[in-house]
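**Student:**
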Amino acid sequence: MKLSESPAWADLLNNHATLREVHLRDLFANDPARLDRLTAEAEGIYLDISKHRITPETLDLLIALAEQEGVARKLQAMMSGARVNTTEDRPALHTALRAPRGSVIEVDGENVVPQIQAVLDAMTEFSEALRSGRHTGATGKQIRNVIHIGIGGSHLGPRFVTDALRPFVSPALTMRFISNVDGADLHAAVAGLDPAETLFIVASKTFTTTETMSNAQAARSWVTASLGE
Numbered sequence: 010m011k012l013s014e015s016p017a018w019a020d021l022l023n024n025h026a027t028l029r030e031v032h033l034r035d036l037f038a039n040d041p042a043r044l045d046r047l048t049a050e051a052e053g054i055y056l057d058i059s060k061h062r063i064t065p066e067t068l069d070l071l072i073a074l075a076e077q078e079g080v081a082r083k084l085q086a087m088m089s090g091a092r093v094n095t096t097e098d099r100p101a102l103h104t105a106l107r108a109p110r111g112s113v114i115e116v117d118g119e120n121v122v123p124q125i126q127a128v129l130d131a132m133t134e135f136s137e138a139l140r141s142g143r144h145t146g147a148t149g150k151q152i153r154n155v156i157h158i159g160i161g162g163s164h165l166g167p168r169f170v171t172d173a174l175r176p177f178v179s180p181a182l183t184m185r186f187i188s189n190v191d192g193a194d195l196h197a198a199v200a201g202l203d204p205a206e207t208l209f210i211v212a213s214k215t216f217t218t219t220e221t222m223s224n225a226q227a228a229r230s231w232v233t234a235s236l237g238e
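The sequence shown begins at 10 in our numbering and counts up by one.
1) Quick check: the Cα distance between S59 and A51, rounded to an integer number of angstroms?
2) If the criterion is Cβ atoms closer than 9 Å, does the pair E78 and G146 meet it?
3) Hey, would you say L202 sits closer than 9 Å to N224, going by beta carbons?
4) Among G90, A197, H61 and R153, which residue has its Cα nearest to the Cα of P204?
5) What are the start and end residues of each continuous beta strand (DSSP E) run of 3 or more residues lying completely inside the segment 53 to 104, in chain order?
6) For F169, count the other beta carbons within 10 Å of its own beta carbon; 16 or more makes it buried, fewer makes it exposed. Which is it?
7) Among L47, S188, L208 and L71, whose alpha-carbon lies nearest the alpha-carbon of M222?
8) Buried or exposed for V122, going by 16 or more other Cβ atoms inside 10 Å?
9) Can you say whether V31 is buried or exposed, counting buried as having 16 or more other CB atoms within 10 angstroms of its CB?
10) Output the distance between the C-alpha atoms of F209 and E97, rounded to the nearest integer angstrom.
11) Are the CB atoms of P65 and R46 within a distance shorter than 9 Å?
12) Looking at the secondary structure, which residues open and close the beta strand (DSSP E) in which N189 lies?
13) What three-state label does DSSP hand E50 in the structure shown?
14) Quick test of your reading: R140 and S179, contact by CB under 8 Å. State the CB separation rounded to the nearest angstrom.
15) Give me the residue from M88, E14, V128 and A227 with the minimum Cα distance to V116.
16) Would DSSP call F37 helix, strand or coil?
17) I think L21 touches L70, with their Cβ atoms under 8 Å apart; what is that distance to the nearest whole Å?
18) Return the residue from the list S15, A173, T215 and M184 that minimises the CA-CA distance to A200.
19) Where V190 and L129 are concerned, what is the direct C-alpha to C-alpha distance, given to the nearest angstrom?
20) Less than 9 Å separating the beta-carbons of A17 and A73?
21) In the DSSP assignment, find the unbroken beta strand (DSSP E) run with I160 in it and report its ends.
22) What do you get for A105, buried or exposed, if any count of 16 or more other CB atoms within 10 angstroms of its CB means buried?
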C-alpha cells in the first residue's frame, strides 16, 4: 500500500482540512494550555510548534503514521549500521560521524566509531597546524588562503558552518568557495591570491562528480602554472 493511500494518511488529510481555515488566535483562545502542550526544551534548545496550525490530535495522528510506517524500527536500523541505503547497498553512517567516543556502531561485525574518531583527531590536528602557521605550503610560506571546492551538500554544509562561525575565524586566514563549474567562479575565488599561500580543499563523497573534479583540475592548473609540478 502506498503511503498516500494508507488510513493514517487519510486521517491526517482530514485533520488538515479541519484546521486549514482555523486562525491561530482561535487555537490559543480555545486551549489556554496550548503553549505548554506544544513546546519543549532540552539541552538549551527550545522547540515551539504552537504557532502552527497543529493540535495535540495532529501530533497523535503523526505518531500513528510513524508507527504505521515503522519509523522507530527504521531509525534503529540506521543507528545500528544496517544497510539502509538500498540504492548503494551500504549503511547510512552520518550518525556515526557525530557519535560520542566509546559508542558502538557495528558494520559487518566491526565497530566503525574508533576509525571515525581517528580521522576526526587527524582533522583537528591538521586544522590546528594550519591556523597556527605550522603547516605551510609547498614553498614554505604560511597558508593564508583556503578555497573550498564542492557542489550540493559538499558545498552548502561547509559554507553554512563557515558563515555561522565567521566571528571566531582567525583573521590570518581567508576562506573562499567554488561550486560553479563556470570558470568565472574559480577566477573570482583566486583573484589577488598567491598560489604559494593558498590551500585547496576538494570535498566529494565519490570524487567522480564532474563539476567538482573539473574545478579541482582547474585549481591544480592554477597552482602548477605558478609553482610548477
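Glycine included, C-beta positions come from ideal geometry on N, C-alpha and C.
**Tutor:** For this structure:
1) 17 Å
2) no
3) no
4) R153
5) 54 to 57
6) exposed
7) S188
8) buried
9) exposed
10) 29 Å
11) yes
12) Careful: N189 lies outside any beta strand (DSSP E) and carries neither H nor E.
13) strand
14) 5 Å
15) M88
16) helix
17) 5 Å
18) M184
19) 29 Å
20) yes
21) Per DSSP, I160 belongs to no beta strand (DSSP E) and is neither H nor E.
22) buried
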